[in-house]
Every structure is written in C-alpha cells, then in structure tokens.
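J.:
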DNA sequence: GCCGTTTTCGGCCCGACTGTTTTCAGTCG
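Residue numbers (this note's numbering): 197 to 796.
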C-alpha cells in the first residue's frame with residue numbers, strides 16, 4: 197500500500213477537491229501502467245473526472261451528500277460510487293486494489309515534467325526508488341549514471357531528467373497573474389517581431405482567454421518562413437534554455453522557470469492556428485468531437501473532410517468557426533461550458549464591454565476616516581477628475597468603516613457626517629457635468645455577522661458594501677449565516693470581494709453559493725466583481741452561476757489611488773468569462789437608472 | 001468509464017517533439 201494512498205484515503209473521509217483530483221489522476225496513471233490500450237477510455241474518463249472535480253465551485257463531498265455527484269459532467273455512476281465509498285467509510289475497494297499494486301513513488305515521480313506513468317513505473321522498479329523522497333532519490337541515481345544504463349535510455353534522457361527535476365524542485369508552484377503574463381508575453385513578442393517574415397503575432401492560450409492566472413505563455417505566429425522564426429525565437433536573449441526546437445513549435449524557458457511556447461504557421465492557416473492554440477483544451481476536444489459527427493477533422497492546420505480527404509485552410513477564426521456551422525466564439529467563453537451549443541443555436545451571450553461601464557463602485561479616497569484598515573492616497577477632486585477621463589457618470593467612495601476601537605457611536609457618526617459634508621463641498625466645486633460621487637462605505641462583516649456601524653450612522657450613506665476581513669476559516673454553514681446577516685441591512689447593497697481570496701496567497705472562504713445567490717436575488721443585493729488582479733473576486737465560474745440565476749453584479753476597482761481605477765478591464769474579463777451581458781452588471785446603468793435601482 | 005439534437009450502444013481530438021528507435025513509444029498541450 198502506497199504512502200500517498202494511505203495519506204489520501206485510509207485516514208481521511210473528508211477529501212478536498214484537489215485531493216480527490218489527485219486521487220483520480222493516480223487511478224488514471226495506474227490504468228496507464230497496467231494496460232494502456234485495454235484501459236484507454238478509463239484513462240480518459242478518470243482524467244476528465246479529475247478535471248471536473250478540480251473545477252467545482254463546491255466541495256465534492258457536499259455535492260455527494262445532496263446526492264448530486266452524477267450531475268457533474270464527467271462523473272458517472274461508477275466513479276461517484278467509488279467516491280461515495282470513500283466519503284462513507286474512508287475506503288474504496290476498487291481504488292485500494294488498483295493503487296495498492298503500485299509503489300507510491302510512482303505517483304510522486306509523475307509530477308516531474310517529462311516523466312509519465314510508464315517511465316515512473318520503470319524507475320520505481322528498475323532503480324528501486326525510495327518511497328520516502330522519490331524525486332530526490334531519482335535525481336541522485338540519475339546523477340550517478342543509473343538512468344542511462346536502462347534499456348531505451350541514453351545520456352540525453354538522463355541529462356534531461358536531472359534538468360527537469362532541478363527545475364521542478366525550484367519552480368514556484370503558482371501561476372502568474374494575468375497582467376504579469378501579458379507583460380512578459382509582450383516582451384517576447386517584441387523580440388520575435390524583429391524577424392521580418394512575421395506577418396501576424398498574438399498571445400494565445402489562457403492569456404487570450406483572459407483567465408485570471410496563466411501557467412505557460414503561448415504565442416502564435418503567421419509567417420512565410422516558420423523555421424526561420426522558430427530559430428530566431430530560440431535565440432531570445434533572456435531565455436535560460438531551449439526546451440525544444442521543431443519545425444512547427446518551439447519552447448523556451450525564462451527566468452523563474454516560465455515556459456514560452458511558440459507555434460509558427462503559414463498565413464493561409466492563421467485562423468486554425470489561432471483557434472487551436474487559444475484552447476482551452478476542453479473547448480478544443482468538445483469542438484473536435486462535435487465536428488467529427490459531421491465527418492470533419494480539426495487541427496491547427498485546418499479542417500479535413502473525412503469523406504473526401506480534402507483539407508481546407510482558414511485565414512481567420514471567423515471563417516473557421518463558420519465552416520463548422522458556428523458563430524465565432526469569443527475566447528473568454530472557450531471553456532467547454534456550453535458555448536458550442538450556444539454558438540450552434542445563435543445564442544451566444546453579447547458579453548459586457550469595457551465601454552459600457554458608467555461608474556466604479558468601489559474606490560478609497562484619502563479622506564481620513566480613522567479606520568483600522570488601509571486608506572486611499574488620492575483626493576476626492578482627483579478621483580472625480582479621473583472618473584471624468586474614463587467617461588463615467590458616477591463613482592462610489594467606499595472607504596473602510598471607522599474603527600470601533602477608540603470611537604464611540606457618536607464619534608463614528610461625526611466622522612461620517614464630516615465625510616458627507618466634504619463630498620457635498622467637492623461636488624459643488626466642480627462642473628455639474630462631472631461624475632457624481634456617491635457616499636458609500638466598505639463595512640466589515642464581523643465574525644458573528646453584525647456590522648461595526650450603527651443604523652444611525654448607516655443612515656448618512658447613499659449605500660454601502662460589506663465584506664469579510666477576518667475569521668476566514670469558519671464552517672461553510674456558519675460563514676453563510678454570517679454573510680446573510682451582514683447583507684440584511686437595507687443600506688447594504690453590495691457584497692464586496694465575496695470569497696476573500698487573494699490569488700496565490702489565500703484561499704477564499706467556504707460559502708453556500710446557491711443560498712447567497714438566492715438571497716441576493718430576492719432582496720436586491722448585488723455581488724461584486726472586484727477588479728484587483730490579486731482578487732478578481734467573484735471568480736469567473738461563480739459569476740457564471742450568478743448570471744444563470746439572474747443575480748445582479750457590480751464592478752469595483754477597489755482603487756486606493758486614481759491609477760488603480762484603470763483596473764476595470766480585469767473585472768470585465770472576469771465578467772465576460774462568466775457570460776455576463778450588460779444587463780447583468782449594475783454599473784452599466786446610466787446615473788438615472790442606477791439611482792432608481794438603488795431605491796429598490 | 002462517460003455520454004447523447006442520429007445514439008442507452010458504440011463511439012471516444014489531434015498533432016508535435018524527443019530520444020532511441022530502424023518504425024516507435026512516451027509525453028505534452
């Protein structure tokens with residue numbers, strides 16, 4: 197019995213989604229080792245199931261308890277049954293047997309790039325890799341020349357394994373924030389463009405889909421001379437090494453072990469290249485399965501008619517999708533979340549655009565509100581001026597609430613009165629055509645759900661946001677009750693950065709989202725999409741659930757300086773990935789309509 | 001093992017790169 201398996205299953209009925217995903221991938225690997233051909237479709241099924249679990253918005257165990265695990269696409273009766281066994285007893289006989297046959301080192305070794313199940317198994321057996329620190333052990337044995345002595349291995353394989361292990365061990369296991377990925381991609385693109393045979397060039401992959409985080413940087417090039425461009429690419433001055441160099445694709449590594457993949461193709465096939473390398477993987481697989489039923493086989497080269505054997509090339513993505521009988525699908529939607537069906541039926545959403553935004557609903561000015569949290573750096577005057585440049589009709593000043601410590605209720609009321617006066621004074625000093633300042637506040641939801649600001653103080657506001665800044669680890673049920681209590685006050689309109697996540701630093705809180713959304717819908721509360729690239733909160737997949745239910749969303753940059761007001765574009769990306777149209781977002785409303793909405 | 005706009009049975013994406021191979025297996029995206 198392997199160590200990993202003991203750790204994941206034997207001692208634990210409460211597996212988290214990432215643990216379940218790892219378990220399912222281990223099962224797929226076990227099938228791959230035992231009989232890759234005979235188990236071909238189990239391998240695919242378990243891998244898909246692992247992906248599905250990883251992308252759930254609730255814990256799989258909660259879904260299982262509601263009896264809805266097989267509603268998840270990719271989870272059928274069999275896998276749901278095995279997982280159910282684990283949730284009930286901490287055991288699955290099926291997994292016990294499958295995984296118990298293999299040394300646990302196998303499941304560690306496959307985490308190293310370039311080492312798959314087959315190779316991991318051979319290492320474990322033939323080199324007697326330790327189950328304790330398998331990766332370190334393999335590195336030692338490779339450095340001792342043991343790998344190159346194995347059949348089918350040579351010096352190059354050995355060197356590559358050592359290299360990959362070194363990088364794996366030092367690589368920070370986190371994905372880049374989108375703005376960083378775009379910045380890096382632009383630097384590389386600047387270099388590639390120096391080759392004069394480049395006709396078109398774009399950053400593709402998850403960056404083009406505007407995912408909140410990006411792993412590898414993918415770039416596509418249309419060129420009359422792919423080989424020459426790829427050669428030039430591998431000479432990028434900042435590259436730490438060339439991972440691979442081919443006639444169609446090449447990959448390099450940047451400092452920090454960031455991989456950049458380049459796909460180069462002739463201009464007449466640019467449309468299919470864009471499509472292929474933009475992904476997502478799941479979108480492409482779904483699109484290819486869909487096309488196969490029409491006897492069409494898709495690849496980055498074009499569309500092959502399987503009946504006639506002829507290949508058609510497409511210079512644009514629009515033509516490519518059209519040839520499949522589909523509307524062009526915006527990259528943000530390409531996640532296999534129903535976009536192919538919608539495109540076929542002409543029912544793709546008209547996703548909200550940045551130009552439609554008429555206000556920013558979370559900004560912190562430099563007004564000294566005597567808060568225990570952080571204060572903004574820009575004056576109200578500067579904020580109005582910046583809002584004017586952005587063609588906004590209104591913005592909400594939402595400083596953190598004054599601290600309770602050291603302030604009586606009357607003190608807090610005085611501070612808020614003072615702020616209200618200040619806003620009125622500023623408003624009267626600027627042209628009437630300038631954007632309106634709403635008097636808002638970002639109020640903590642205390643651990644018990646109470647607000648640290650009295651009703652009399654809240655009365656001074658136009659409206660307020662509430663958010664969690666403490667006690668992130670309450671149970672799902674307690675956290676949900678807390679939030680609903682916090683949202684209940686009539687002056688509260690917005691639930692700000694609702695999961696509280698900080699990407700790569702803090703997981704979000706556990707909440708019963710269906711209940712939160714139902715409450716918001718019923719009581720005319722709005723859920724924020726926070727535009728801070730570190731937050732992007734509500735996350736895209738939850739935005740889609742909110743949109744499906746008709747819950748209204750608000751967008752705020754959470755700017756603490758006027759420059760931060762430019763961050764709205766990141767919130768737009770999240771909204772688009774969540775299929776939001778302009779009517780789903782409150783700050784696409786004109787000032788008049790927005791004020792009406794506030795009264796509801 | 002999963003799934004369904006023709007299917008509850010009969011399908012299941014597609015190609016690139018590398019190393020060690022004389023024709024391919026393994027891995028990756």
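No residue lacks a Cβ here, since even glycine has one placed at the ideal position from N, Cα and C.
In chain order, what residues of the same chain lie with their CB nearer than 8 Å to the CB of residue 652, ignoring the 5 residues before and after it?
T.: The residue given as residue 652 occupies position 456 in the first chain. Answer for residue 652: 605, 609, listed in chain order.
J.: Go to residue 227, then tell me how far its alpha helix (DSSP H) extends in each direction, as first and last residue.
T.: Taking the first chain and counting its residues from 1, one reaches residue 227 at position 31. 213-230 is the extent of the alpha helix (DSSP H) around residue 227.
J.: Could you check the C-alpha separation between residue 328 and residue 317 for me, to the nearest Å?
T.: Here residue 328 refers to the residue found at position 132 of the first chain. Here residue 317 refers to the residue found at position 121 of the first chain. Those two C-alpha atoms are separated by around 16 Å.
J.: Pop quiz: residue 443 and residue 463 are said to be a contact at Cβ under 8 Å. What is the actual Cβ separation, rounded to whole angstroms?
T.: Position 247 of the first chain, counted from the start, is the residue given in the question as residue 443. Position 267 of the first chain, counted from the start, is the residue given in the question as residue 463. Going by Cβ atoms, the distance from residue 443 to residue 463 rounds to 17 Å, so no, they are not a contact pair.
J.: With 16 as the cutoff for other CB atoms within 10 Å, does residue 749 come out buried or exposed?
T.: The sequence position of residue 749 within the first chain is 553, counting from 1. Buried, because 16 or more other Cβ atoms sit within 10 Å of the Cβ of residue 749.
J.: Is residue 406 near residue 479, with beta carbons less than 7 Å apart?
T.: If you number the first chain from 1, residue 406 lands on position 210. If you number the first chain from 1, residue 479 lands on position 283. Their beta carbons are not under 7 Å apart, which means residue 406 does not touch residue 479 by this criterion.
J.: Buried or exposed: where does residue 676 fall if 16 or more other Cβ atoms within 10 Å of its Cβ makes it buried?
T.: The residue labelled residue 676 in the question sits at position 480 within the first chain. Burial call: buried.
J.: Using three-state DSSP, classify residue 780 as helix, strand or coil.
T.: For the purposes of this step, residue 780 is taken as the residue at position 584 of the first chain. It is helical.
J.: Taking contact to mean 3 or more Cβ pairs, one atom from each stretch, closer than 8 Å, check whether the region 584-599 and the region 563-570 are in contact.
T.: Short answer: they touch.
J.: Tell me which residues share the same chain as residue 197 and place their Cβ nearer than 6 Å to its Cβ, disregarding the 5 neighbours each side in the sequence.
T.: On the first chain, position 1 is the one that residue 197 refers to. For residue 197, the predicted model reports a pLDDT of 38, less than 50, meaning its position is unreliable; a value from the coordinates is still stated below. Only 296 meet the Cβ criterion.
J.: Pick helix, strand or coil for residue 599, following the three-state DSSP scheme.
T.: The residue you call residue 599 lines up with position 403 of the first chain. In this structure, residue 599 counts as coil in the three-state DSSP scheme.
J.: Would you please state the rounded distance, in angstroms, between the beta carbons of residue 717 and residue 682? I believe it to be under 8 Å.
T.: As a first step, residue 717 is located in the first chain; it is residue number 521 there, counting from the start. As a first step, residue 682 is located in the first chain; it is residue number 486 there, counting from the start. No, residue 717 and residue 682 are not in contact; Cβ-Cβ is about 17 Å, not under 8 Å.
J.: For residue 291, which of 299, 279, 301, 385 has the nearest alpha-carbon?
T.: Translated into positions along the first chain, residue 291 becomes position 95. Of the candidates 299, 279, 301, 385, the one whose C-alpha sits nearest the C-alpha of residue 291 is 279.
J.: To the nearest angstrom, report how far apart residue 300 and residue 326 are at their CA atoms.
T.: Position 104 of the first chain holds residue 300. Position 130 of the first chain holds residue 326. C-alpha separation (whole angstroms): 9 Å.
J.: Can you tell me whether residue 213 is buried or exposed? The criterion is at least 16 other CB atoms within 10 Å of its CB, across all chains shown.
T.: Counted from its first residue, the first chain places residue 213 at position 17. Classification for residue 213: buried.
J.: Considering only their Cβ atoms, is the gap separating residue 572 from residue 783 smaller than 7 Å?
T.: For the purposes of this step, residue 783 is identified with residue 587 of the first chain, where counting begins at 1. For the purposes of this step, residue 572 is identified with residue 376 of the first chain, where counting begins at 1. No, they are not a contact pair.
J.: Once DSSP output is grouped into helix, strand and coil, what is the label at residue 500?
T.: Looking up residue 500 in the first chain gives position 304. Three-state result, residue 500: strand.
J.: Measuring CA to CA, which of 233, 223, 661, 230 is closest to residue 242?
T.: By one-based count along the first chain, residue 242 stands at place 46. Of 233, 223, 661, 230, the residue nearest in Cα terms is 223.
J.: Go ahead and label residue 205 buried or exposed: buried means 16 or more other beta carbons lie within 10 angstroms of its beta carbon, across all protein chains shown.
T.: The residue given as residue 205 occupies position 9 in the first chain. No answer about residue 205 holds up, because its pLDDT of 48 lies below 50 and its placement is not dependable.
J.: If residue 319 and residue 334 are in contact, beta carbons under 8 Å, what's the gap, nearest whole angstrom?
T.: Mapped onto the first chain, residue 319 falls at position 123. Mapped onto the first chain, residue 334 falls at position 138. With 8 Å as the limit, residue 319 and residue 334 qualify as a contact, their Cβ atoms being about 6 Å apart.
J.: Taking C-beta to C-beta, are residue 419 and residue 447 nearer than 7 Å?
T.: Position 223 of the first chain holds residue 419. Position 251 of the first chain holds residue 447. The answer is no: Cβ separation not under 7 Å.
J.: Taking DSSP's pairing of strands, which residues face residue 722 in a bridge?
T.: Walking along the first chain from the start, residue 722 turns up at place 526. Answer is 690.
J.: Quick one: what does DSSP say residue 473 is sitting in, helix, strand or coil?
T.: Translated into the one-based positions of the first chain, residue 473 becomes position 277. DSSP places residue 473 in helix when its eight states are reduced to three.
J.: If we call anything under 7 Å between Cβ atoms a contact, is residue 509 one with residue 460?
T.: Here residue 509 refers to the residue found at position 313 of the first chain. Here residue 460 refers to the residue found at position 264 of the first chain. No.
J.: Is DSSP giving residue 651 helix, strand or coil here?
T.: Residue 651 sits at position 455 when you count from the first residue of the first chain. Three-state result, residue 651: helix.
J.: Tell whether a beta-carbon distance below 7 Å holds between residue 774 and residue 721.
T.: Position 578 of the first chain holds residue 774. Position 525 of the first chain holds residue 721. No; because the gap between Cβ atoms is not below 7 Å, this pair is not in contact.
J.: Out of 402, 281, 678, which has the shortest C-alpha to C-alpha gap to residue 211?
T.: The residue given as residue 211 occupies position 15 in the first chain. The shortest Cα separation from residue 211 among 402, 281, 678 belongs to 281.
J.: Secondary structure at residue 752, three-state DSSP: helix, strand or coil?
T.: Your numbering for residue 752 matches position 556 in the first chain. The answer is strand: DSSP assigns residue 752 an E or B state.
J.: Mapping the DSSP letters down to three states, classify residue 407 as helix, strand or coil.
T.: On the first chain, position 211 is the one that residue 407 refers to. Reduced to three states, the DSSP call for residue 407 is coil.
J.: DSSP on residue 793, reduced to helix/strand/coil?
T.: Within the first chain, numbered from 1, the residue matching residue 793 stands at position 597. DSSP places residue 793 in helix when its eight states are reduced to three.
J.: Grab me the residues of residue 487's own chain with a C-beta within less than 8 Å of its C-beta, minus the 5 sequence neighbours each way, in chain order.
T.: Translated into the one-based positions of the first chain, residue 487 becomes position 291. Here the set comprises 493, 494, 499, 520.
J.: Mark residue 218 as exposed unless 16 or more other C-beta atoms lie within 10 angstroms of its C-beta, in which case mark it buried.
T.: Locating residue 218 in the first chain gives position 22, where the first residue counts as 1. Buried is the call here.
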